[in-house]
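One structure below.
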Amino acid sequence: MSAGEKAAEPDSLVELPPEESTVEATALTRLPSGRGFLKPHRVVLMAIAASIVFCAVWFLRWDWLPDYAGRLAHGVGVTLLMLFGTCLLGFVLAVPIGLVQVTGPWPLKLLAKGFCTIIRGTPLLLQLWLLYYGLGSLFPQFPAIRQSFLWPVLREAWPYGVAALTMSFAAYEGEVMRGAFAGVPKGELEAARAYGMSRWKVFRRIWLPRAVHRALPTLNGETVLQLKSTPLVATITVIDVYAVVSKIRQVTYLTYEPLLLLALIYLCLTALLVLAFRYFENKIPTRSA
Amino acid sequence: MAADPASMIDWGLLALDPPGWGGVLLAGLMSSIKIAIGGYSLGLVLGTGGAFGKLYGGPVTKDLLEIYTTVVRAVPELVLILLLYYAGTDLLNRLAASLGYGTVDISGLAAGIFVIGVVQGAYATEVMRGAILAVPPGQIEAARAFGMSPLLALRRVTLPAMLPHALPGLSNLWLITTKDTALLAVVGFSELTLVTRQAAGSTKAYMLFFCAAGVLYLALTLVSNLVIRLIEARARRGWAAR
Numbered sequence: 012m013s014a015g016e017k018a019a020e021p022d023s024l025v026e027l028p029p030e031e032s033t034v035e036a037t038a039l040t041r042l043p044s045g046r047g048f049l050k051p052h053r054v055v056l057m058a059i060a061a062s063i064v065f066c067a068v069w070f071l072r073w074d075w076l077p078d079y080a081g082r083l084a085h086g087v088g089v090t091l092l093m094l095f096g097t098c099l100l101g102f103v104l105a106v107p108i109g110l111v112q113v114t115g116p117w118p119l120k121l122l123a124k125g126f127c128t129i130i131r132g133t134p135l136l137l138q139l140w141l142l143y144y145g146l147g148s149l150f151p152q153f154p155a156i157r158q159s160f161l162w163p164v165l166r167e168a169w170p171y172g173v174a175a176l177t178m179s180f181a182a183y184e185g186e187v188m189r190g191a192f193a194g195v196p197k198g199e200l201e202a203a204r205a206y207g208m209s210r211w212k213v214f215r216r217i218w219l220p221r222a223v224h225r226a227l228p229t230l231n232g233e234t235v236l237q238l239k240s241t242p243l244v245a246t247i248t249v250i251d252v253y254a255v256v257s258k259i260r261q262v263t264y265l266t267y268e269p270l271l272l273l274a275l276i277y278l279c280l281t282a283l284l285v286l287a288f289r290y291f292e293n294k295i296p297t298r299s300a
Numbered sequence: 127m128a129a130d131p132a133s134m135i136d137w138g139l140l141a142l143d144p145p146g147w148g149g150v151l152l153a154g155l156m157s158s159i160k161i162a163i164g165g166y167s168l169g170l171v172l173g174t175g176g177a178f179g180k181l182y183g184g185p186v187t188k189d190l191l192e193i194y195t196t197v198v199r200a201v202p203e204l205v206l207i208l209l210l211y212y213a214g215t216d217l218l219n220r221l222a223a224s225l226g227y228g229t230v231d232i233s234g235l236a237a238g239i240f241v242i243g244v245v246q247g248a249y250a251t252e253v254m255r256g257a258i259l260a261v262p263p264g265q266i267e268a269a270r271a272f273g274m275s276p277l278l279a280l281r282r283v284t285l286p287a288m289l290p291h292a293l294p295g296l297s298n299l300w301l302i303t304t305k306d307t308a309l310l311a312v313v314g315f316s317e318l319t320l321v322t323r324q325a326a327g328s329t330k331a332y333m334l335f336f337c338a339a340g341v342l343y344l345a346l347t348l349v350s351n352l353v354i355r356l357i358e359a360r361a362r363r364g365w366a367a368r
């Protein structure tokens with residue numbers, strides 16, 4: 012991502028090309044095309060795949076599945092809630108982070124830059140554990156926090172998971188927003204100023220909508236990446252779908268079956284996300300399209 | 127106890143010698159770096175093969191590689207690591223047992239490198255595929271027209287010509303690899319994140335140790351950035367300034 016930063020000098024119209032290419036290399040953003048689906052070799056491959064699936068269903072043990080179906084569905088719900096909640100919060104945070112890096116006073120610029128560097132330079136798992144074990148062990152020492160109305164919430168694990176995932180999304184998307192804000196043509200902003208719009212109105216009517224429009228294509232990849240980060244919250248005892256599967260593995264002593272099911276669940280979730288984004292992207296008018 | 131934050135920090139815990147945990151953390155960092163280098167190298171080899179297979183391979187190769195990259199890019203690294211780590215070692219043990227070797231003891235380092243390498247291989251495949259497509263096709267055709275064998279054309283023309291295009295993505299993948307090693311903590315491999323948690327758990331100085339580990343990871347990223355900048359400057363030395 013450091014390489015992407017160089018490409019996005021304030022005046023360039025290019026929108027972080029290496030950054031985007033890496034996001035697409037690490038997150039599925041397009042489904043394989045169904046064109047030419049029934050070529051002869053694919054029919055053979057599909058027959059082999061079908062026999063593998065049949066063997067998996069026939070020879071592996073799936074009798075635990077009905078017992079845990081409800082909990083698995085609940086886990087998927089928690090995962091999706093984590094995903095959409097943190098993506099929304101993270102995007103709301105990313106806008107000011109990107110903006111101050113383009114136009115803010117230097118202390119804010121430095122702060123935003125430092126935040127992005129630190130969050131993007133350390134593993135998410137470490138940040139999660141720092142928040143949960145570190146802050147979580149620090150808070151009870153202060154009686155003011157223990158007696159505050161927030162304490163019942165702070166005793167749970169999910170606020171720390173939400174905080175860590177939100178900050179991570181904000182840092183990665185903030186970098187994208189910085190490129191997007193910088194990439195809005197200067198002439199458009201000058202034209203708005205010439206029409207006598209106040210700075211705030213220019214931001215609200217021209218700069219922000221144009222920047223968000225430019226950042227939209229990256230959202231798909233970033234959201235899939237965020238989905239791929241959500242199972243980490245299971246390590247701090249949030250019961251998402253990954254945690255449910257870990258529990259099943261402990262109870263049933265099965266190695267493959269629950270993990271295969273988990274991989275399948277995430278495959279389906281990613282595919283659904285990609286389809287949803289494709290649907291919404293087709294709704295957004297673009298001049299080039 | 128909570129009176130003075132400054133007095134709560136016991137810097138002696140970070141000392142390098144046994145009462146302090148500094149040496150343990152550094153050893154954890156070293157094994158993280160070892161896994162990152164090993165996994166990244168394996169990923170590069172898989173990625174090069176995968177990219178060429180995806181572009182020039184037969185229809186079956188192309189489809190199988192498409193499945194590989196699709197699955198790895200859609201399923202969380204954590205799940206893949208668990209799946210490859212447990213299922214991989216289990217399969218290897220069963221294979222060895224059926225061949226009559228008894229159980230094999232697979233070192234955590236080798237398993238970690240394998241797991242990270244397989245994941246990075248799929249990412250690298252996509253990065254390299256894009257980079258190869260960015261090379262003007264005439265250059266590769268010219269190499270073929272001069273009678274170079276595919277391998278010679280690969281070594282002399284395609285790889286050097288695609289490298290500047292691939293470098294931003296590949297350097298990004300290196301940074302991702304260093305951070306992905308932390309996930310091996312979940313399967314119990316004692317790299318930096320896990321030893322940090324152990325140190326923090328046994329001394330109860332959670333903030334201190336997690337921040338120290340964060341500084342180590344950040345230092346690794348920043349040093350990597352410096353090296354990457356040097357490599358990129360060298361790889362682009364023939365390019366016109368953009």
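Note that the protein sequences, when read in sequence, are chains X and F.
Residue numbering for the first sequence is 12 to 300, as defined by the working numbering.
Residue numbering for the second sequence is 127 to 368, as defined by the working numbering.
No residue lacks a Cβ here, since even glycine has one placed at the ideal position from N, Cα and C.
Item, Value
"Which first and last residues belong to the alpha helix (DSSP H) in which residue 257 of chain X is found?", "252-263"
"Please list the partners that residue 77 of chain X has in chain F, where partner means a Cβ-to-Cβ separation under 9 Å.", "Going along chain F, no residue has its Cβ under 9 Å from residue 77 of chain X, so there is no contact; the nearest lies around 22 Å."
"Does any residue of chain F bring its CB to less than 8 Å from the CB of residue 289 of chain X?", "no"
"Out of F:234, F:223, F:315 and F:302, state which residue places its alpha-carbon closest to the alpha-carbon of residue 250 of chain F.", "F:302"
"Shortest alpha-carbon distance to residue 217 of chain X belongs to which of X:228, X:247, X:236 and X:193?", "X:193"
"Whole angstroms are fine: how far does the CA of residue 246 of chain X sit from the CA of residue 83 of chain X?", "17 Å"
"Counting only C-beta atoms, is residue 219 of chain F closer than 8 Å to chain X at any point?", "no"
"Hey, does residue 311 of chain F have any beta-carbon neighbour from chain X nearer than 8 Å?", "yes"
"Looking at the secondary structure, which residues open and close the alpha helix (DSSP H) in which residue 333 of chain F lies?", "332-361"
"Closest to residue 283 of chain X by C-alpha separation, out of X:39, X:56, X:150 and X:178, would be which residue?", "X:39"
"Give me the Cα-Cα distance between residue 127 of chain X and residue 85 of chain X, rounded to the nearest whole angstrom.", "33 Å"
"Find the nearest neighbour of residue 172 of chain F within the set F:349, F:344 and F:241, judged by alpha-carbon distance.", "F:241"
"Of all the residues that make up the region 194-214 of chain F, which are near chain X by a beta-carbon distance shorter than 8 Å?", "196, 197, 199, 200, 201, 202, 203, 204, 205, 206, 208, 209, 212 and 213"
"Listed in chain order, which residues of the region 248-277 of chain F have Cβ atoms closer than 7 Å to some Cβ of chain X?", "249, 252, 253 and 256"
"Taking CB distances under 8 Å as the criterion, tell me whether residue 152 of chain F reaches chain X.", "no"
"At the 8 Å Cβ level, is residue 244 of chain F part of the contact set with chain X, yes or no?", "no"
"Please list the partners that residue 339 of chain F has in chain X, where partner means a Cβ-to-Cβ separation under 7 Å.", "137"
"Use the C-beta contact count for residue 52 of chain X: other C-beta atoms within 10 angstroms, 16 or more gives buried, fewer gives exposed.", "exposed"
"Shorter than 8 Å from the beta carbon of residue 258 of chain X to some beta carbon of chain F?", "no"
"If you follow the alpha helix (DSSP H) that residue 63 of chain X is in, where does it begin and where does it stop?", "51-70"
"Three or more C-beta pairs under 8 Å: does that hold for the region 200-213 of chain X against the region 116-130 of chain X?", "no"
"Identify whether residue 75 of chain X lies in helix, strand or coil by the three-state DSSP scheme.", "coil"
"I'd like the list of long-range same chain contacts for residue 187 of chain F, defined as Cβ closer than 7 Å, with 5 residues on each side in sequence excluded.", "179"
"For chain F, find out if any of its Cβ atoms is closer than 8 Å to the Cβ of residue 50 of chain X; answer yes or no.", "yes"
"Using a Cβ-Cβ cut-off of 6 Å (strictly less than) and excluding sequence neighbours within five positions of residue 319 of chain F, which residues of its own chain qualify?", "308 and 311"
"Which same chain residues end up closer than 6 Å to residue 154 of chain F when comparing Cβ atoms and leaving out the 5 residues on each side of it in sequence?", "317, 318 and 321"
"Report the three-state DSSP secondary structure of residue 147 of chain F (helix, strand or coil).", "coil"
"Measuring CB to CB, does residue 133 of chain X end up less than 8 Å from residue 344 of chain F?", "yes"
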